[in-house]
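Protein chains: 2
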Amino acid sequence: MEADFIHWLREHLPPHPTLRSGLGDDAAVLALAGRSDVVVTTDLVSDGVDFRLQEVDPSRAGRKALAVNLSDLAAMAAKPLAAVIAIALPRSGCGTATALDLAIALYEGMLPLAAEFELAIAGGDTNVHDGPLVIAVTALGELTTRGPLTRNGGRPGDKLLVTGHLGGSILGYHLDFTPRVREALLLHERYELHAGMDISDGLALDLSRLAAESGCGAVVHVGEVPISDAARSLDDPLQHALGDGEDFELLLAASPDAAAAILGDQPLDCPITCVGELVSELGLWQQSPGGERSPLEPKGWLH
Amino acid sequence: MEADFIHWLREHLPPHPTLRSGLGDDAAVLALAGRSDVVVTTDLVSDGVDFRLQEVDPSRAGRKALAVNLSDLAAMAAKPLAAVIAIALPRSGCGTATALDLAIALYEGMLPLAAEFELAIAGGDTNVHDGPLVIAVTALGELTTRGPLTRNGGRPGDKLLVTGHLGGSILGYHLDFTPRVREALLLHERYELHAGMDISDGLALDLSRLAAESGCGAVVHVGEVPISDAARSLDDPLQHALGDGEDFELLLAASPDAAAAILGDQPLDCPITCVGELVSELGLWQQSPGGERSPLEPKGWLH
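These protein sequences, in sequence, are chains A and B. For the first sequence, our numbering gives the first residue as 239, with consecutive numbering after it. For the second sequence, our numbering gives the first residue as 239, with consecutive numbering after it.
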């Protein structure tokens with residue numbers, strides 16, 4: 239299987255300026271000399287947990303496997319450089335698709351996304367096993383001179399901003415989202431961001447993590463949370479927006495002045511919304527439009 | 239599970255000078271500024287294919303998952319820098335071990351090997367799923383000023399050298415081998431190597447790949463192949479040495495003069511042996527001690 243697949247790859251993997259040598263050797267050589275610091279992240283997705291191959295075209299599963307890693311690069315405000323792809327394929331394929339068909343379809347989902355973000359597919363390892371499809375992508379990114387956007391720089395009084403809309407991702411967005419790489423790079427370059435991450439496990443849970451890393455608490459203004467149309471089609475849309483996860487939107491902390499500038503400029507193709515603020519008292523609260531605060535449980539999607 | 243595991247990791251992952259920030263953010267920041275070019279490789283191992291968890295302590299499976307990646311860095315003559323670890327754990331664990339027990343045991347196998355090679359464990363993703371244990375490690379290495387050791391630099395007339403002994407790895411060596419990182423770096427620095435790789439799929443198959451990448455054929459002097467004690471304990475030891483794979487020894491091509499110097503110096507803690515030569519005619523042959531040549535099938539362990 240792997241020999242046939244490498245043959246396919248040789249014909250379909252585009253060249254890339256960062257990639258000095260790739261296929262045909264034991265490892266790929268990346269031309270990184272003179273670059274800034276490098277960011278590395280890995281995310282594993284598997285059939286039955288992150289998608290269901292019986293319901294989803296494998297190209298969308300492949301695309302998601304890469305997109306979640308690009309979202310982690312966005313979370314750090316890093317420019318995508320290269321990725322490697324490790325795959326365990328079900329030995330007998332899926333339905334009428336052989337293992338080789340599956341491998342090719344996964345790459346057909348990944349390659350356009352890689353091209354969109356000028357990411358080199360630098361290598362991989364493609365195996366069969368007696369289990370469900372597992373895809374582990376590792377992505378490398380390059381920091382700008384602004385350095386990384388981290389979770390630990392938030393300060394009490396910072397405003398909390400989110401891109402796009404939250405909730406209901408399971409209805410399809412979790413497979414088809416575009417990682418907020420361009421948005422993160424633009425905001426990190428143009429404004430003074432204190433902290434940031436991507437929302438993968440739900441606003442409540444991920445905000446609790448950002449706040450904890452920053453040594454702060456956080457208040458969510460529940461009336462301000464931008465709720466997706468998908469979440470609005472479900473019961474209790476707010477709870478979906480707070481806890482569904484897989485939104486892959488950016489959650490940012492910035493000073494009131496910087497936040498006001500961002501909110502006034504609206505410099506992105508998607509909306510950016512203030513959903514609350516960091517506070518000095520540790521913990522997580524929700525605040526109603528009337529101003530009443532009550533504890534908010536940091537629950538979300540635990541993988 | 240993941241929250242408990244990250245708690246364990248925070249207490250057990252050592253700091254590393256290359257690792258600027260790691261746990262607690264969406265990606266790790268590696269301090270690579272001013273470094274030479276970087277090599278990246280990924281290898282995935284899974285229960286039932288690369289080890290059997292019912293027979294093997296999970297710490298040995300974890301160690302192997304990292305070691306095969308270090309062997310790929312050795313194959314390129316790269317110095318280990320950092321690795322990220324993606325794991326899919328069987329939801330119900332294995333035997334009496336919970337998924338969390340398994341995750342910790344895997345790391346307990348990896349951490350000493352990482353320390354031995356001064357490798358930073360820069361991050362990971364640890365999940366449960368309804369399938370067998372899958373471990374996908376991605377390793378980054380730094381090239382020396384000699385550049386990468388690749389498969390495509392061999393020339394007709396080059397001597398073929400292998401480190402250590404071959405065959406019978408399945409009897410235990412495939413789990414406990416020490417990747418030939420130090421050996422590759424020493425040889426690449428001290429001698430003029432034309433081509434190299436690690437033997438993961440068997441001497442015959444891997445040599446056919448090195449020869450093809452170099453645009454050459456190759457002859458194996460079967461009487462000279464260093465056969466391991468393990469292979470000698472099996473029927474037809476030579477066939478095991480030629481085709482078992484998972485030897486994780488180095489296969490190198492060097493000019494006759496460079497090869498003679500290496501063989502005379504024997505600069506490694508393990509033996510290094512001449513097993514044949516590259517030739518201009520494409521193909522793979524075996525040559526008996528009496529000098530007769532016959533075709534050698536490039537078969538080995540196909541993953």
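For every residue, glycine included, the Cβ atom is placed at its ideal position computed from N, Cα and C.
The stretch 253 to 263 of chain B makes no contact with the stretch 246 to 262 of chain A, as fewer than three CB pairs between them are under 8 Å. Counting C-beta pairs closer than 8 Å gives fewer than three between the stretch 391 to 406 of chain B and the stretch 350 to 362 of chain B, which falls short of the contact rule. With fewer than 16 other Cβ atoms inside 10 Å of its own Cβ, Asp242 of chain A counts as exposed. For Met435 of chain B, the enclosing beta strand (DSSP E) covers residues 431 to 436. Counting along the chain, the unbroken beta strand (DSSP E) around Ile373 of chain B starts and ends at 372 to 381. Using beta-carbon distances, Ala313 of chain A counts as an interface residue toward chain B, with a partner under 7 Å. For Val419 of chain B, there is no enclosing beta strand (DSSP E); the residue is part of the alpha helix (DSSP H) that begins and ends at 419 to 428.
Residue state for Lys302 of chain B is assigned as helix, using DSSP reduced to three classes. In this structure, Ala312 of chain A places its C-beta atom within 7 Å of the C-beta atom of Pro417 of chain A.
Taking the beta carbon of Leu534 of chain B as reference, no residue of chain A falls within 8 Å; the closest one sits roughly 18 Å away. By the Cβ criterion, the stretch 344 to 353 of chain B is not in contact with the stretch 283 to 290 of chain B, since fewer than three pairs of Cβ atoms, one from each stretch, lie closer than 8 Å.
Within the stretch 442 to 507 of chain B, complete beta strand (DSSP E) segments of at least 3 residues are found at 455 to 459, 488 to 492, given in chain order.
The beta carbon of Val366 of chain B is closer than 7 Å to those of Met239, Leu327, Arg329, Ala337 in its chain, skipping five residues each way along the sequence. Only those residues of the stretch 413 to 436 of chain A whose C-beta falls short of 7 Å from the nearest C-beta of chain B are listed: Met435, Asp436. Burial check for Thr364 of chain B: the Cβ neighbour count within 10 Å reaches 16 or more, so the residue is buried. Within chain A, no C-beta atom comes less than 7 Å from the C-beta of Pro318 of chain B; the nearest is roughly 11 Å away. Excluding sequence positions up to five before and after Thr383 of chain B, its CB lies within less than 8 Å of the CB of Ser274, all in the same chain and listed in chain order.
Of the candidates B:Asp368, B:Ala450, B:Thr376, the residue whose Cα lies closest to the Cα of Ala320 of chain B is B:Thr376.
Distance from the Cα of Pro527 of chain B is smallest, within the candidate group B:Ala433, B:Val463, B:Ala450, for B:Val463. Contact residues of the stretch 243 to 272 of chain B toward chain A are Arg258, Ser259, Gly262, Asp263, Asp264, Ala265, Ala266, Val267, Leu268, Ala269, Leu270, Ala271, Gly272 (C-beta to C-beta distance below 9 Å). Close to Ala326 of chain A, with beta-carbon spacing below 7 Å, are these residues of chain B in chain order: Leu282, Ser284, Val372.
The stretch 511 to 530 of chain A and the stretch 409 to 423 of chain A do not touch, with fewer than three beta-carbon pairs separated by less than 8 Å. For Gly391 of chain A against Ala433 of chain A, the beta-carbon gap comes to about 4 Å, under 8 Å, which counts as contact. Selection B:Asp473, B:Val517, B:Leu522, B:Leu381 evaluated against Ala269 of chain A yields B:Leu381 as nearest (Cα-Cα). Partner residues in a beta bridge of Arg258 of chain A, as assigned by DSSP, do not exist.
Within the same chain, Leu424, Leu425, Arg428 come within 8 Å of Pro505 of chain B by CB-CB distance, once the 5 residues on both sides are set aside. At least 7 Å separates the beta-carbon of Gly379 of chain A from that of Ile323 of chain A.
Here the alpha carbon of Ser493 of chain A sits roughly 22 Å from the alpha carbon of Ala316 of chain A.
Residue state for Ala313 of chain A is assigned as helix, using DSSP reduced to three classes.
B:Leu387 is the residue among B:Ile244, B:Leu488, B:Leu387, B:Val277 whose C-alpha sits nearest the C-alpha of Leu431 of chain B. With a threshold of 16 other beta carbon atoms within 10 Å, Gln524 of chain A meets it and is buried. DSSP, read as helix, strand or coil, puts Leu327 of chain A in strand. Contact between Gly333 of chain B and Gly369 of chain A is ruled out by a C-beta separation of about 18 Å, above the 8 Å threshold.
Of the other Cβ atoms in all chains shown, 16 or more fall within 10 Å of the Cβ of Asp436 of chain B; this residue is therefore buried. The beta carbon of Ala442 of chain B lies closer than 8 Å to those of Val458, Leu480, Gly481, Leu522, Leu534, Glu535, Pro536, Lys537, Gly538 in the same chain, with the five residues before and after it left out.
Glu487 of chain B is a Cβ neighbour of Gly402 of chain B, given a cutoff of 7 Å.
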